[in-house]
Amino acid sequence: MRAPLSTTIAIGAGILTLLGFFISVEALTSVRSLLIEWAVLLAGVAGLVAIAHLLSVHWRKMTASRNRNVTSAFLLIAFGITFAAGMVLKPGHPTIQKVVTHIQVPIEASLMGVLAISLTVAAIRLFQRRGGWMSVLFAVSAFVFLILGSGFLSSAANIPVLKDILAAVNTLPVAGARGILIGVALGSLTTGLRVLLGTDRPYSG
Amino acid sequence: MAPDLLWTLIAFFLTILVLSYVLGDNALFRVVMMIFVGISAGYGAVLLFYQVIMPRLITPLMTAPVADQPGLIIPAVLSILLLFKLSPRLSILGNPPMALLTGVGAAIAIGGAVSGTLFGQISGTISPFDLSGLPSAGSAISQLFGGIVLLTGTVCSLAYFHFGARKKGGVNTGAQPILIQILSRIGQVFIAITLGALFAGVLAASLAALIERLDFLINVLKPLIS
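Written out as structure tokens, the structure reads:
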């Protein structure tokens, strides 16, 4: 068996957590809480490891003898300043909060704004390249729900027949989304069970 | 220059540089993206340290009574082992903490999928068929119709994601059973409508963000022009 220690830890920890989730016994519940507590801590450390890895990749890109990427320097400098200031001042300090409200939020909101234009262009290209009834149905649905979402027909919601029609139209995406959600849940269930049975071992790399 | 004005100007120039992407990918946009990733990573690292590692490991190790400290040694050792993932040669030492993280994560995913999604969504799909306590026959018919549409859409959308193939004489034919084919065709309609509705939602949200940013730019420029 490949990676026997890690496999035993994964299966054991997973089964104990799952038992504590479904069986209400004091001992199992406290073991589950302890394991989740450890997992949260390890997830935090894993996050730091991921950030350190990101920095090392950009350091290599910046110092490479061939195809040097100068823009990586901006990432490293921005990280260094934010991290140093955050460690000294702590996250709740007004200056650190200004970094969030005047740098992070404007960039995120502007990216969201760019997304509006990109989505419109993508929708037009979809029609140019892949016609067919699915594309037409997608576009009609997008158009109808854009109008419904804008509140344009909010006054018509009081008219009895129109009210029923709008309710029926609103049911259609709920039905599809419910099918997709159940599909995702079944997929998560299967993936989780494969890890707990030791069939999948993503940790042994 | 007042500090608030400086921060507003930073936000102003960053907004313009990000929106410049509309004219095409350019070096300034890429620089802003690098700054954004760097600041996000820095802020994320600070948050992880002060809100996860400090209260859950460092503070308890420094303040807990000696009798309680052995219980803290296991997570401390696992955390140190996880740091070996940074070294390609020693990364194998980081496998046990990764295994614990994966095992607990898988169990939480199963619990969440079963009790949070499957039970909730299935009961939501069948609840319209409970007609008790409705005021009139008209509303019962309306609710029943809605329930049938909901059930049909849910089952057919699920059928669309069924990738099993029929076997004939022990050999996989690669074709789905005819019933699944019909159901998945109907499911395709529901999924196209759902994706269209989701697209409309995302487009509306992003348009709102674009309008807010343009409004911000105008508000910054207005005093300068007038």
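First to last, the sequence lines map onto chains A and B.
Residues in the first sequence are numbered consecutively from 0, following numbering that gives the first Met the number 0.
Residues in the second sequence are numbered consecutively from 0, following numbering that gives the first Met the number 0.
Ideal placement from N, C-alpha and C gives every residue a C-beta, glycine not left out.
Remember, predicted model here, so these are calculated numbers, not experimental data.
Residue i lies in the alpha helix (DSSP H); which residues open and close that run?
i	result
B/Lys-84	Per DSSP, B/Lys-84 belongs to no alpha helix (DSSP H) and is neither H nor E.
B/Ala-199	177-224
B/Leu-133	First-last for B/Leu-133: undefined, no H or E at that position.
A/Phe-126	104-128
B/Asp-3	2-18
B/Phe-48	No alpha helix (DSSP H) contains B/Phe-48, which DSSP labels as neither H nor E.
Does DSSP classify residue i as helix, strand or coil?
i	result
A/Gly-150	coil
B/His-161	coil
A/Pro-201	coil
B/Arg-55	helix
A/Ala-63	coil
A/Val-24	coil
A/Leu-171	helix
A/Ile-158	coil
B/Asn-94	helix
B/Arg-29	helix
A/His-101	helix
B/Gly-115	helix
B/Val-154	helix
A/Leu-17	helix
A/Ala-2	coil
A/Gly-79	helix
A/Leu-209	This structure cannot speak to residue 209 of chain A, because chain A is shown only from 0 to 204.
B/Arg-88	coil
B/Val-76	helix
A/Gly-186	helix
A/Val-69	coil
A/Pro-207	No information on residue 207 of chain A is available, as it lies outside the stretch 0 to 204 that chain A covers here.
A/Leu-196	coil
B/Pro-69	helix
B/Ala-108	helix
A/Asp-163	helix
For residue i, count neighbouring Cβ atoms within 10 angstroms of its own Cβ and tell me buried if that reaches 16, exposed if not.
i	result
B/Met-33	buried
A/Asn-157	exposed
B/Met-53	exposed
B/Pro-176	exposed
A/Phe-78	buried
A/Phe-126	exposed
B/Ile-224	exposed
B/Arg-88	exposed
B/Gly-195	buried
A/Ser-55	exposed
B/Ala-105	buried
B/Leu-220	exposed
A/Phe-21	exposed
A/His-57	buried
B/Phe-35	buried
Checking contacts by CB at 8 angstroms: is residue i closer than that to chain B?
i	result
A/Arg-128	no
A/Met-61	no
A/Gly-191	yes
A/Val-56	no
A/Val-173	yes
A/Phe-211	Lying before the first or after the last residue shown, residue 211 of chain A is absent from chain A, which here runs from 0 to 204.
A/Ala-2	yes
A/Val-160	no
A/Ala-77	yes
A/Thr-198	no
A/Ser-187	yes
A/Leu-205	Residue 205 of chain A is absent from the structure shown; chain A starts at 0 and stops at 204.
A/Leu-165	no
A/Ile-22	no
A/Arg-177	yes
A/Ser-219	The shown model of chain A, from 0 to 204, leaves out residue 219 of chain A, and the question about it has no answer.
A/Ala-141	yes
A/His-92	no
A/Ser-5	yes
A/Ala-138	yes
Please check if any C-beta of chain A sits within less than 8 angstroms of the C-beta of residue i.
i	result
B/Gly-23	no
B/Phe-160	yes
B/Pro-95	yes
B/Met-61	no
B/Ala-40	yes
B/Ser-205	yes
Next item on the list: Residues of the segment 95-119 of chain A with a CB closer than 9 angstroms to any CB of chain B: list them in chain order, please.
Entry: Ile-95, Lys-97, Val-98, Val-99, Thr-100, His-101, Ile-102, Gln-103, Val-104, Pro-105, Ile-106, Glu-107, Ala-108, Ser-109, Leu-110, Met-111, Gly-112, Val-113, Leu-114, Ala-115, Ile-116, Ser-117, Leu-118, Thr-119
Check: Just by C-beta distance, which residues in the segment 176-201 of chain B are closer than 7 angstroms to chain A?
Finding: Gly-186, Gln-187, Val-188, Phe-189, Ile-190, Ala-191, Ile-192, Thr-193, Leu-194, Gly-195, Ala-196, Phe-198, Ala-199, Gly-200, Val-201
Next item on the list: Give the residues from the segment 28-46 of chain A that approach chain B closer than 9 angstroms (Cβ to any Cβ), ordered along the chain.
Entry: Arg-31, Leu-33, Leu-34, Ile-35, Glu-36, Trp-37, Ala-38, Val-39, Leu-40, Leu-41, Ala-42, Gly-43, Val-44, Ala-45, Gly-46
Next item on the list: Using a Cβ-Cβ cut-off of less than 8 angstroms, give me the residues of the segment 73-89 of chain B that come near chain A, in sequence order.
Entry: Ile-73, Pro-74, Leu-77, Ser-78, Leu-81, Leu-82, Lys-84, Leu-85
Notebook entry, point to check: Along the segment 117-147 of chain B, what residues have a CB closer than 8 angstroms to any CB found in chain A?
Noted result: Leu-117, Gln-120, Ile-121, Gly-123, Thr-124, Ser-141, Phe-144, Gly-145
Next item on the list: Mind checking the segment 208-222 of chain B against chain A and listing, in chain order, the residues whose C-beta falls within less than 9 angstroms of any C-beta there?
Entry: Ala-208, Leu-209, Ile-210, Glu-211, Arg-212, Leu-213, Phe-215
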